[in-house]
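Undergrad:
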Amino acid sequence: MSLQDKIFDDLTSSSLNNLFNSKPFISCSCLFVVFFLLLPYLLIAIYRSRTTSSYNYFKYKCRELPPGPPPLPIIGSLHELFGQVIHISLRRLSKEHGPLMHLQLGQTSAVVASSLEVASEILRTQDTVFCSRPSLSAVTHFSYGGLDIGASPYGESWKKLRRFGNNKMFNPGKVRSFSFIREEEVEVMVESIKKSSLQGKLINLSEIALCLFNNITYREVFSKRVSADGECLLSPHHGLIMRMMTLMTEFNVGDFFPSFWWVDFLTGWWFKVEKRFREMDRIFEKEIDLRLRQKISSNVSYGDFLDDLLKRQDEMDPSLGYLFSRKEVKALLMDMFLGGTDTSSVTLEWGMTELIKNPAAMKKAQEEIRRVAGNKGKVEESDIEQLPYLKMVVKETLRLHPPTTLLAPRESMKDTKIHGYDIPAKTLVIINAWAIGRDSRYWDEPDVFRPERFEDKNVTFKGNHFEFIPFGSGRRICPGMALGLASIELAFANILYSFDWELPSWMAENEVDMEELFGLSTHKKKPLRLVATPMCLH
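Take 1 as the starting number for the sequence shown in the UniProt record's numbering and just add one per residue.
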């Protein structure tokens, strides 16, 4: 270990780190530290308020901001996010203040959209105004300074990257080319579950799902597994991804108090970010160097994402108009791992949770799958289009449990108005997809898991129906949506085809834990453990 790495290890293991943890979005201890560090500035603010109160009054009367909770000095409305996971807190506040709500989060001005109508205005009508991304500390650092598709601000560079992604990385042909990877990894998962079930073990489906999608993503990117051959076990690599995703949603001072960015160094938060970034960067450097050596020695082609990206360092793609730098290659690799693993696993986790609580829906899905797949021993991708009820199960899961309950934040690029309210430039824009998917104005019995609701409701994932936007909409819709859905549907189909599922004998259906753990993807707080019985083929 180098001296620099040792320094980062020492700093990130300091006790100050414990102030910032992944459980709530923001904790009392976080705000206490912020308040204590900024106390001198509070006294100055009080003094200045005597001379600027008339100016502020005039400013806010001239700008008719959306309604919202009255802010406290310094922290604004951050205290309103206590007690519950953030998307639930925001829905509670929106019921009081309206579907378009203003929040003062420290020094950051934010608006929250919690209805179909407001989301449509932001994502479609004024998409050109709201299609940029804010500069958030961890996200920007992990994306090599915003060089990727997901986090980069709107501009010519992003438009070229997005066009390249759509044409070369996520087009239907590329998605189909990875079907053998998905089928092989799902088969490994099924065998792993079967082995554990025959040993009388409970199946930790939360862990199994994480392992499955981690291996699929790693093979799509680097043409290798991270688990040992024939196993579906979690790896240190996935632990690193989870820690990075946690850091992207942890409270840090700099994102809400830009004037006091240095506080993140005092707390040790920034050193945690840097340490995880260095670990992931070393993995990328190792894989890139290995691939370049292989090309020199044998000119082998794998057809994976790494091949596609490295090719753009030597050959200019017409949709780009320039050659990729090494940093841009690594930024796009980061997109694949941070966006492609966890979001898929939480969908499988929550879907099986809902099905185990609704045995009639599970039975209906299994009967359909087993009728189509017959006795061939597995479900193939070619079977999926013949499984309409399974597709409804996936849709209903994504309605109730969108992987990112709050869509990736946007930023207004100029002053504008929404529903008569002023939205200044550089405003942070949050869309509560979870709240919209559970709104009784758009959905009958919104909290009930009922896949049949999609039978006569022609709603798609493509972002044109704003009551159902699990992957976002507009220019910033998730580019890897088709790739993720292909894996999710195949995994769902084979789990339901190959096994009958039951709760442990000591647990009733109404005792299944549904508590959420907020993060970049919203997992169950407690892992899903079930009894699996292998299906007997006749």
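Virtual Cβ for every residue (Gly too), placed ideally from N, Cα, C.
None of the values given here were measured: they were computed from a predicted structure.
Below 8 Å CB to CB, which residues in the same chain sit around ILE208 once its five sequence neighbours on both sides are set aside?
TA: MET189, SER192, ILE193 and CYS232
Undergrad: Under 8 Å between the Cβ atoms of LYS524 and SER196?
TA: By the CB criterion at 8 Å, LYS524 and SER196 fall outside the cutoff.
Undergrad: Taking ARG475 as the reference, which of ASN458, ASP127 and GLN294 has the closest Cα?
TA: ASP127
Undergrad: Decide yes or no for the touch test of the stretch 429-436 against the stretch 448-460: beta carbon pairs closer than 8 Å, at least 3 of them.
TA: no
Undergrad: What span of residues does the alpha helix (DSSP H) with PHE284 cover, start to end?
TA: 269-298
Undergrad: As a quick exercise: from VAL329, ILE88, GLU368 and GLN199, pick the residue whose alpha carbon is nearest that of VAL221.
TA: VAL329
Undergrad: Measuring CB atoms only, is the stretch 286-298 touching the stretch 171-180, in the sense that at least three cross pairs come out at less than 8 Å?
TA: no
Undergrad: Between ALA113 and LEU103, which are expected to be in contact by the criterion C-beta below 8 Å, what is the C-beta distance as a whole number of angstroms?
TA: By a beta-carbon distance limit of 8 Å, ALA113 does not contact LEU103. Their separation comes to about 12 Å.
Undergrad: Under 8 Å, with one C-beta from each stretch per pair, do the stretch 461-480 and the stretch 503-517 reach the 3-pair mark?
TA: Counting C-beta pairs with one atom in each stretch, the stretch 461-480 and the stretch 503-517 have fewer than three that are closer than 8 Å, which means they do not touch.
Undergrad: Measuring alpha carbon to alpha carbon, tell me which residue in ASP229, VAL186, ASP148 and LYS395 is nearest GLU380.
TA: Shortest Cα-Cα distance from GLU380 to any of ASP229, VAL186, ASP148 and LYS395 involves VAL186.
Undergrad: Among GLU396, ASN299, LYS168 and GLY106, whose alpha-carbon lies nearest the alpha-carbon of PRO467?
TA: Note that residue 467 is Glu in the sequence shown here, rather than Pro. Here the closest residue by C-alpha is GLU396.
Undergrad: Given 8 Å as the limit, is there contact between the stretch 386-404 and the stretch 346-356, that is, 3 or more CB pairs closer than that?
TA: yes
Undergrad: Apart from the five residues just before and just after MET535, which ones in its own chain have a Cβ nearer than 8 Å to its Cβ?
TA: ARG370, TYR497, SER498, PHE499 and ASP500
Undergrad: With a floor of 4 residues, list each alpha helix (DSSP H) that falls wholly inside the stretch 460-514, ordered by position along the chain.
TA: 481-498, all fully within the stretch 460-514.
Undergrad: Could you pull the start and end residues of the beta strand (DSSP E) that ASP314 belongs to?
TA: If you look at ASP314, you'll find it isn't in any beta strand (DSSP E); it sits in the alpha helix (DSSP H) that goes 305-314.
Undergrad: Do ILE241 and PHE305 have their C-beta atoms within less than 8 Å of each other?
TA: no
Undergrad: Does the beta-carbon of LYS201 have 16 or more other beta-carbons within 10 angstroms, so that it is buried, or is it exposed?
TA: exposed
Undergrad: Taking SER505 and MET245 to be in contact with their CB atoms under 8 Å, please state how far apart those CB atoms are, rounded to whole angstroms.
TA: Incorrect: roughly 35 Å between the Cβ atoms, too far for contact.
Undergrad: Look at the alpha carbon of LYS275 and the alpha carbon of ARG326, and state the distance between them as a whole number of angstroms.
TA: 20 Å
Undergrad: If the criterion is Cβ atoms closer than 8 Å, does the pair PHE449 and ALA361 meet it?
TA: yes
Undergrad: Could you spell out the range, first to last residue, of the beta strand (DSSP E) harbouring residue 544?
TA: The structure shown does not extend to residue 544, since the chain is modelled only from 1 to 538, so the question has no answer here.
Undergrad: Do you know offhand how far ASP264's Cα is from LEU490's?
TA: 43 Å
Undergrad: Pick out whichever of SER137, GLU315 and TRP443 has its Cα sitting closest to the Cα of PHE251.
TA: SER137
Undergrad: Between which residues of its own chain and SER482 is the CB-CB distance below 8 Å, once the five residues before and five after are set aside?
TA: A small correction: the amino acid at residue 482 is Ala; Ser does not occupy that position in the sequence shown. Around ALA482: PHE170, PRO172 and VAL175.
Undergrad: Could you compute how far the alpha carbon of THR217 sits from the alpha carbon of LYS286?
TA: THR217 and LYS286 have their alpha carbons spaced roughly 17 Å apart.
Undergrad: Could you check how far apart the C-beta atoms of SER143 and ARG410 are, in whole angstroms? I think they sit under 8 Å.
TA: The Cβ separation is near 16 Å, so there is no contact.
Undergrad: Identify whether LYS525 lies in helix, strand or coil by the three-state DSSP scheme.
TA: coil
Undergrad: Rounding to the nearest angstrom, what Cα-Cα distance links LEU355 and ASN299 in this structure?
TA: Going from the Cα of LEU355 to the Cα of ASN299 covers about 48 Å.
Undergrad: Sort out for me which residues DSSP pairs HIS102 with in a bridge.
TA: VAL111
Undergrad: What does a CB cutoff of less than 6 Å around GLY76 pick up in its chain, not counting 5 residues either side in sequence?
TA: GLN104, LEU105 and GLY106
Undergrad: Does the beta-carbon distance from PRO451 to VAL393 come in below 8 Å?
TA: yes
Undergrad: Could you check the C-alpha separation between PRO99 and PRO66 for me, to the nearest Å?
TA: In this model, PRO99 and PRO66 are separated by some 9 Å (Cα to Cα).
Undergrad: Can the beta-carbon of TYR302 be found closer than 8 Å to that of SER223?
TA: yes
Undergrad: Checking the sheet assignment: what are the DSSP bridge partners for ASN432?
TA: As a beta-bridge residue in DSSP terms, ASN432 pairs with LEU406.
Undergrad: Round the Cβ separation of VAL129 and SER473 to the nearest angstrom and send it over; I've been treating them as touching at under 8 Å.
TA: Between SER473 and VAL129 the Cβ distance is about 14 Å, and since that is not below 8 Å, they are no contact.
Undergrad: Measure how close the beta-carbons of PRO470 and PRO403 come, nearest whole angstrom, since I'm counting them as under 8 Å.
TA: 7 Å
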